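Heads up: the sequence shown begins at 1410 in our numbering, then just goes up one per residue.
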Amino acid sequence: MGFSIIPVLLAGQMALFGAATTTDTFHWTGHVPAGQFLEVRGINGSIHAQPASGESIEVIASKSGRVFDPGEIEVKVVQRDGGVTICAVYPSSADTSQCENGGAVYNDVSVDFTVRVPSGVRFVARTVNGLVEAKSLQADTEAHTVNGDVLLSTAGAAQGETVNGSIIASMGRINSALKFSTVNGGITVNVPRCASARVHAQTVNGGIQTEFPLPVRGQFPAKHIDGAIGRGGPDLRLATVNGSIRLRRTKSASNL
């Protein structure tokens, strides 16, 4: 009878301090020709990208969880027309062969991606709960999250969106329509001083600052810009609800 209290005490301690965090790691190295894309998709976790030292792509996915087993989360590599998609797939009844998800809502496992992107490979990052950071890339870059900041710098074009988070982006060119949007957060975009675009910027609760000769219009607190820089050209759209917008000009794309 005297020894029966020990399991009870141990169980109480485990409940008090919580389950231990378990981890698992996925590693992939591959090749995508210049001009094609590398897409990384997550749900819970951040995505960090940086330049590769050579022509090979390297992806490391670090999985961690306290309640669910990280080993149950698959990281799949799906070959597509024009590139490769790498995705974290949570257990569900969805078609996991195509990176479809349906079971992440009740799963506490996070998958944090570290990616090395070769020069000339277009990079696309998508997550739901986490930061997206891509620094010093050399091709067009695109980032999407819901709850997290977006930090981008590339010699190519850039665009990004979030809902709850801020956006800071530096790009080397504007060669197509680009969009930066958030709901709760500010937007800072750095573009080359020689860039040509049609700028559309709007905030509901915040200010707008621009280093280009563009008139800021609207009544407090809402502000908007509609005007051309350089010779005009593709649309550059910046939109937030609760936050300020800053449009800056640089000699070239800078590191964040």
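All residues carry an ideal CB built from backbone N, CA and C; glycine is no exception. It should be emphasised that the depicted structure is a prediction, and the values quoted were computed from it without experimental measurement.
Identity of the residue in the options nearest residue i by Cα
i	options	result
Phe-1435	Pro-1479, Ile-1452, Ser-1465	Pro-1479
Asn-1651	Arg-1640, Gln-1611, Arg-1450, Arg-1657	Gln-1611
Gly-1439	Val-1526, Thr-1430, Ile-1456	Val-1526
Val-1518	Ser-1545, Val-1487, Lys-1472, Leu-1560	Lys-1472
Ser-1453	Val-1498, Arg-1531, Gly-1641	According to the sequence provided, residue 1453 is Asn. The question's Ser does not apply to it. Among Val-1498, Arg-1531, Gly-1641, the Cα nearest to that of Asn-1453 is on Val-1498.
Ile-1577	Asn-1538, Thr-1591, Val-1476	Thr-1591
Arg-1655	Gly-1594, Gly-1639, Phe-1629	Gly-1594
Ile-1634	Arg-1640, Arg-1646, Val-1537, Ala-1470	Arg-1646
Spatial distance of residue i from residue j (CA atoms)
i	j	result
Asp-1521	Arg-1626	41 Å
Trp-1437	Ile-1495	9 Å
Gly-1565	Ala-1552	13 Å
Ala-1648	Asp-1433	38 Å
Gln-1459	Gly-1616	32 Å
Ser-1653	Val-1598	11 Å
Val-1600	Ser-1462	26 Å
Gly-1574	Ile-1596	9 Å
Gly-1376	Ile-1583	Absent from the structure is residue 1376, since the part of the chain shown begins at 1410 and ends at 1665.
Val-1524	Phe-1629	42 Å
Ser-1605	Met-1580	13 Å
Cβ-Cβ separation, residue j to residue i (assumed contact under 8 Å), whole Å
i	j	result
Arg-1607	Asp-1644	5 Å
Phe-1589	Glu-1620	16 Å between Cβ atoms; not a contact.
Neighbour-count burial assignment, residue i, 16 or more Cβ in a 10 Å radius
i	result
Tyr-1352	Within the shown structure, residues of the chain are numbered from 1410 to 1665, placing residue 1352 beyond reach of any answer.
Val-1559	buried
Lys-1632	buried
Thr-1430	exposed
Glu-1464	exposed
Glu-1509	exposed
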